[in-house]
Amino acid sequence: MTDKKSHPSLLGATLAIVQKDLAAEFRSRELFSAMLVFSLLVIIIFNFALELDIDVRRTVAAGVLWTTFAFAGTLGLNRSMAVEKDRGCMDGLLLAPVDRSAIFFGKAISNLVFMLIVEAIVLPVYALLYDEMRIFQPGFLGVILLGSIGYIGVGTLLSTMSVQTRMREVLLPILLFPVAIPVLLAAVKASNGILTGAEWAEIVTPINILILYDVVFLAVPYMFFDAVVEE
Amino acid sequence: MQSKPIALTILDIVSVIVLGISTYLALVFAPTEAVMGDVQRVFYFHIGTAWLGLLGFIIAAIAGIAYLITKDLKWDRFEVAAVEVSTVFFFLTIVLGSIWAYPAWNTWWTWDPRLTTAAVTELIYIAYFMLRQGLDDPDKRARFGALYTLLGGISAPITFMVIRLFRTIHPVVIGNQSAAAQGGFSMSNDMKVAFFFALFAFTVIFVDLIWHRVRLGALQEQVEQLKLKLSN
Amino acid sequence: MFLETTPDTSNYMIAGYVISFLTMGIYVASLYIRNRNLRQDQQTLEDLDRTESKK
Chain A
159 MTDKKSHPSL LGATLAIVQK DLAAEFRSRE LFSAMLVFSL LVIIIFNFAL
209 ELDIDVRRTV AAGVLWTTFA FAGTLGLNRS MAVEKDRGCM DGLLLAPVDR
259 SAIFFGKAIS NLVFMLIVEA IVLPVYALLY DEMRIFQPGF LGVILLGSIG
309 YIGVGTLLST MSVQTRMREV LLPILLFPVA IPVLLAAVKA SNGILTGAEW
359 AEIVTPINIL ILYDVVFLAV PYMFFDAVVE E
Chain B
403 MQSKPIALTI LDIVSVIVLG ISTYLALVFA PTEAVMGDVQ RVFYFHIGTA
453 WLGLLGFIIA AIAGIAYLIT KDLKWDRFEV AAVEVSTVFF FLTIVLGSIW
503 AYPAWNTWWT WDPRLTTAAV TELIYIAYFM LRQGLDDPDK RARFGALYTL
553 LGGISAPITF MVIRLFRTIH PVVIGNQSAA AQGGFSMSND MKVAFFFALF
603 AFTVIFVDLI WHRVRLGALQ EQVEQLKLKL SN
Chain C
20 MFLETTPDTS NYMIAGYVIS FLTMGIYVAS LYIRNRNLRQ DQQTLEDLDR
70 TESKK
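Put into structure tokens, the structure is as follows:
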């Protein structure tokens, strides 16, 4: 499937798509500001919905953060694919003499970059608001990265599908959440373990599951992305 | 559309008979379980339907891969049939489990790995149908559906693994029922007869229903083609 | 294991089996109804097709 002779290399084509997305986004900043404001609002709502006093906060921080990222993530995924579809960019990309998997990786990487930027702003804000400085340790940030990769990997594939259906945006969370439950739960478990200073033995299993999930859900879209974009 | 094959009619009759026998074995033949009482008899249908849920999920994922490789729409019909029949029986498994759990564990629901994975799987099935409903082009519908069953088929076992981390011990609500809670109460020979017959009976019913559903799918396709032909 | 009298849980059992047969019945009925509707559609469309081609 991927052996056909492609003019630009897979890497080159992927990077070109990433560059295009980032350039467009830095000009308009629509997606980014929507995701960011949304995330902050969710955190404020959680604060009052869960009455986050100091004891509760310790145990639910990971859950609150991951729920926020998951919702903001669907917002971003939907928008980024809808833009391609509406402006007819997708057809242009499909006509270009590049491997289809370059389109997948390109979209996935730019989605990941958006999500990571949002996380890079939300995490310090959360840390400041709740005086939770343990967020800034390499282990915790690594888990955030691993979780985001898996979530975006499967999310990019599913958003390419949902944007072509009649229900469009509404369908993405319905398709994505049941399939993404393992990555979200493993990420919550691992982040929570790190925040509460659990033993390494307790954290290593969810981290292994995260890595397994990331590998599988990057490999499957890579193999079958053709099936989603061809007309 | 060819008329109904004789083999299918025979299978229909056999299905009804085995369902009757299985019900008799479960309700009358098998002895009453001493600790839980009559409600334990729900177990035979609970396991029978759960087996179909699992079988259908595996068949659907395999049919999905077969479709993606061959692009033959017959695999798509097969996949839809497997998912639809499984959805119905898996729903039944969850409801029966809940009915059994209330007197046995004193709760309708626990967030144990098996229950949670079952619920998530049922949601994947429902999402699958919503996805298909939003697509008009049969090829695209088939491709997306196949891919989604494949994703679901991979993620469900990982879900099971993850939830086991959260709930390592199955909650035991009433004293000494931990064995029953695991579904591993010691079965007498008569219970085993009823148990294995239920598995057999539900497998026959499964094949019968899938066959009907595949034929329905073929008919649907013909009608769609007729509509297309007329609109041109 | 303690010696207890077997609790009477037959109501739950009856509920379980009633729901089982009800669900299966509804599903079979839905298969039947969908099949019948499609056959009617097919019939109408074929009639239409025939009158079209006569013109």
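Chains as they are written, first to last, in this note's numbering: chain A, 159 to 389; chain B, 403 to 634; chain C, 20 to 74.
Positions of the beta carbon are idealized from the N, C-alpha and C atoms, including for glycine.
Keep in mind it's a predicted model, so treat the numbers as computed, not measured.
- Taking a cut-off of 8 Å for Cβ pairs, the region 297–315 of chain A and the region 330–348 of chain A touch, as three or more such pairs fall below it.
- Straight through space, the alpha carbons of B:I560 and A:I367 are spaced by roughly 8 Å.
- Listed along chain B are L470, R545 and L549, each with a C-beta nearer than 7 Å to that of A:A385.
- C:M32 is not a Cβ neighbour of B:I607, given a cutoff of 9 Å.
- Per DSSP, reduced to three states, the secondary structure at A:G246 is coil, with no helix or strand assignment.
- Residues of chain B with a Cβ closer than 8 Å to the Cβ of A:F382 are, in chain order, L470, L549 and L552.
- Below the 9 Å Cβ cutoff, chain B contributes T561, V564, I565, L567 and F568 as neighbours of A:L343, in chain order.
- Using a C-beta cut-off of 8 Å, the region 319–328 of chain A makes contact with the region 532–546 of chain B, since at least three inter-stretch Cβ pairs fall below that distance.
- With respect to A:T354, A:T225 sits apart: the two C-beta atoms are not nearer than 9 Å.
- The C-beta distance from B:V487 to B:I612 rounds to 6 Å, short enough to fall under 8 Å.
- Taking 4 residues as the minimum length, the region 457–493 of chain B contains no alpha helix (DSSP H) run wholly inside it.
- Taking 9 Å as the cut-off, the beta carbon of B:F531 is found closer than this to the beta carbon of B:T489.
- For the region 290–323 of chain A, residues whose beta-carbon sits nearer than 9 Å to a beta-carbon of chain B comprise V312, L315, L316, M319, S320, Q322 and T323.
- Put simply, of B:L601, B:V616, B:K473 and B:I408 the residue whose alpha carbon is nearest the alpha carbon of B:T425 is B:L601.
- If only uninterrupted alpha helix (DSSP H) runs of at least 4 residues are considered, those enclosed by the region 281–357 of chain A are 296–320 and 329–353.
- Taking all protein chains shown into account, A:K265 has 16 or more neighbouring C-beta atoms within 10 Å of its C-beta and is therefore buried.
- Residue contact with chain B for A:Y371: present (Cβ-Cβ distance below 9 Å to some residue of chain B).
- Within the region 347–367 of chain A, contact with chain B at the beta-carbon level (separation under 7 Å) is assigned to K347, T363, P364 and I367.
- Closer than 7 Å at the C-beta level to chain A, one finds these residues of the region 506–528 of chain B: V522, L525 and I526.
- Contacts with chain C at 9 Å (Cβ-Cβ) include B:K629.
- Neighbours of A:L376 in chain B, taken as residues at a C-beta separation under 7 Å, are lacking, since the least C-beta distance is about 12 Å.
- For B:A483, the closest alpha carbon among the candidates B:Q627, B:G466, B:I496 and B:F562 is that of B:G466.
- Cα atoms of B:E435 and B:F492: separation of roughly 24 Å, rounded to the nearest angstrom.
- Within the region 511–573 of chain B, the complete alpha helix (DSSP H) runs of at least 4 residues fall at 515–535 and 540–568.
- For B:E435, the secondary structure class from DSSP, reduced to helix, strand or coil, is strand.
- When DSSP states are grouped into helix, strand and coil, A:N236 belongs to the helix group.
- Within chain A, the residues V312, P336, V337, A338, I339, P340, V341, Y371, V374 and F375 have their CB atoms less than 9 Å from the CB of B:S557, given in chain order.
- B:F431 is positioned such that its CB atom lies closer than 9 Å to that of B:A596.
- When the beta-carbon positions are compared, A:Q295 and A:I352 come within less than 9 Å of each other.
- The three-state secondary structure of A:A181, taken from DSSP, is helix.
- Contact of B:G536 with chain A by beta-carbon distance below 7 Å involves T323, R324, M325 and L329.
- Per DSSP, reduced to three states, the secondary structure at A:V256 is coil, with no helix or strand assignment.
- Under the Cβ distance rule, A:I332 counts among the residues neighbouring chain B, one pair being separated by less than 9 Å.
- Within chain B, the residues M438, G439, D440, V441 and P505 have their CB atoms less than 7 Å from the CB of C:T28, given in chain order.
- When DSSP states are grouped into helix, strand and coil, A:S197 belongs to the helix group.
- DSSP places C:T28 in the coil class of the three-state scheme, outside both helix and strand.
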